[in-house]
């Protein structure tokens, strides 16, 4: 009996397997005797590593790559401006003297006891100290012209008194070297250095202005 039942079971099983294959089922049920082999095949297939879809870390671009900083150039320092050259001071204008005649080459201020050398209305020298006529021999104010010059003149009125560096501009009245402590007989006394400067600066026909 057992032998017939076993044969019947095998026949049914084989028939069932043929039906399943005809329906398109990819896998057939394993017989009891083949269970171990199926399990082993299943385990080996499940143990196979899945193919990796990620690329090696070394081939991926790094997002943390530091970009080189742009080169900075230091702007050139500005060159210091050259210092402005100081202009030579202009000679003082005629406003610094009491003489208003722009053509005057010499100016005399009797009340201030001062004199100036002028050129084109501007001061060339001065003021320099002077003395002038005493009472009875006063120096008259006005505008005059140089008449003549004599470096070593001597007075024809006052006993040949020396009058070095004489520049006559009003009759017998002249600029010349003389005492700055005593008043004159109408002439304009100057220091030795100032007398030489007036003598060198003034020429015949130059204008001399005298203010009271």
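In our numbering, the protein residues as written are 14 to 225. Built from N, CA and C at the ideal position, the CB exists for glycine as well.
Ignore the nearest five residues each way along the sequence and tell me which others in residue 219's own chain have a CB closer than 6 Å to its CB. 118 and 159
Tell me, to the nearest whole angstrom, how far the beta carbon of residue 177 is from that of residue 208; I am working on the premise that it is less than 8 Å. 7 Å
Since residue 156 contacts residue 222 with CB under 8 Å, what's their CB separation in whole angstroms? 5 Å
Is it true that the CB of residue 196 sits closer than 7 Å to the CB of residue 147? yes
Which residue from 161, 149 and 111 puts its Cα closest to that of residue 199? 149
What do you reckon, are the CB atoms on residue 162 and residue 180 nearer than 7 Å? yes
Tell whether a beta-carbon distance below 7 Å holds between residue 189 and residue 130. no
Using only CA atoms, which one of 184, 134 and 173 lies nearest to residue 152? 184
Reference residue 186; option with closest CA among 206, 133 and 202: 202
Residue interval of the beta strand (DSSP E) (run including residue 228): In the structure as shown, the chain begins at 14 and stops at 225. Residue 228 is therefore absent and cannot be evaluated.
When burial is assigned at 16 or more other CB atoms within 10 Å of the CB, is residue 210 buried or exposed? buried
Write down every uninterrupted run of the alpha helix (DSSP H) in the stretch 138–216 whose length is 4 residues or greater and which is fully enclosed by it, in chain order. 205–214
Counting only the same chain and skipping the five closest in sequence on each side, list residues whose C-beta sits under 8 Å from that of residue 154. 123, 223, 224 and 225
Own chain residues within Cβ distance below 7 Å of residue 205, not counting five before or after: 190
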